[in-house]
Ligand SMILES: CC(C)(COP(=O)(O)OP(=O)(O)OC[C@H]1O[C@@H](n2cnc3c(N)ncnc32)[C@H](O)[C@@H]1OP(=O)(O)O)[C@@H](O)C(=O)NCCC(=O)NCCS
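In my numbering, the protein residues as written are 6 to 199.
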């Protein structure tokens with residue numbers, strides 16, 4: 006039986022605001038409190054297959070559409086989809102699973118002896134819960150282990166740049182619409198790697 010300090014809740018009852026600032030007195034009967042809080046999260050990467058292509062495109066479309074529209078001044082779905090499918094390298098792409106849900110993907114091929122994070126996208130309802138940070142930390146750790154450089158490119162309008170800087174990436178080049186960034190490792194301890 007629930008007493009005055011125990012709430013019985015379902016994941017669908019939890020708003021983002023509550024999730025971010027839950028009082029400690031709350032106890033969870035129905036499921037793991039830490040899972041709801043996002044403190045303990047199982048994150049797995051699964052190699053993509055041809056069956057994932059529609060999910061990858063949908064994830065890219067819903068998560069990048071605003072930034073691409075702001076950058077280009079328009080969204081041409083046909084052109085974007087054809088470019089996305091053309092650039093897709095399934096051998097270098099992984100679906101990101103969090104607590105057994107497929108929440109996004111990362112495509113990070115090796116090019117000219119360096120790792121390039123070509124694309125990382127998390128579906129909007131799972132963004133800003135620490136998943137991208139964890140996946141990027143793993144990419145950093147892997148690049149360090151392999152002793153190769155790690156680069157990415159981010160649209161200037163995209164606030165993800167702040168996340169990359171926090172993890173130790175710095176801008177090395179600028180084009181009209183993009184910042185090209187390299188992992189310098191300056192904040193490696195903050196990034197939890199090394
Ligand atoms: C960028 C992305 C992969 C990060 O993954 P995530 O799981 O959301 O990241 P985390 O929760 O670990 O970190 C979130 C941080 O990223 C930055 N950020 C990401 N999206 C943001 C947004 N819409 N507004 C403001 N800051 C944002 C912030 O620094 C944020 O930190 P904060 O929540 O403390 O302010 C994800 O937000 C995403 O898919 N965004 C849309 C697609 C995209 O921009 N991909 C990157 C292309 S280079």
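We put the CB at the ideal spot given by N, CA and C, even for glycine.
In the DSSP annotation of this structure, residue 64 is not part of any beta strand (DSSP E); the continuous alpha helix (DSSP H) holding it starts and ends at 58–77. Linking residue 128 to residue 182 through their CA atoms gives a straight-line distance of about 23 Å. Between residue 50 and residue 101, the alpha-carbon positions lie close to 5 Å from each other.
Residue 78 is classed as exposed because its beta carbon has fewer than 16 other beta carbons within 10 Å across all chains shown.
Residue 170 is not bridged by DSSP to any residue. Rounded to whole angstroms, the gap between the alpha carbons of residue 89 and residue 124 is 10 Å.
For residue 186, the closest of 158, 164 and 106 by C-alpha to C-alpha distance is 158. Excluding sequence positions up to five before and after residue 137, its CB lies within less than 7 Å of the CB of 125, 127 and 168, all in the same chain and listed in chain order. At the C-beta level, residue 120 and residue 148 come within 9 Å of one another. Residue pairing from DSSP places residue 52 in a beta bridge opposite 99. The DSSP-derived three-state label of residue 141 is helix. Looking at the DSSP output, residue 120 bridges to 115 and 155.
Going by DSSP, residue 91 is part of the alpha helix (DSSP H) stretching over 82–92.
Within its own chain, the residues whose Cβ lies closer than 7 Å to the Cβ of residue 99, once the five positions on either side in sequence are excluded, are 50, 51, 52, 53, 110 and 111, listed in chain order. Judged by the Cβ position, residue 139 qualifies as a neighbour of ligand 1 at the 8 Å threshold, a heavy atom of the ligand being closer than this. Setting aside the 5 residues that flank it on each side, residue 57 is surrounded in the same chain by 100, each with a C-beta closer than 7 Å to its C-beta; the list follows chain order. Buried is the label assigned to residue 131, since at least 16 other Cβ atoms lie within 10 Å of its Cβ.
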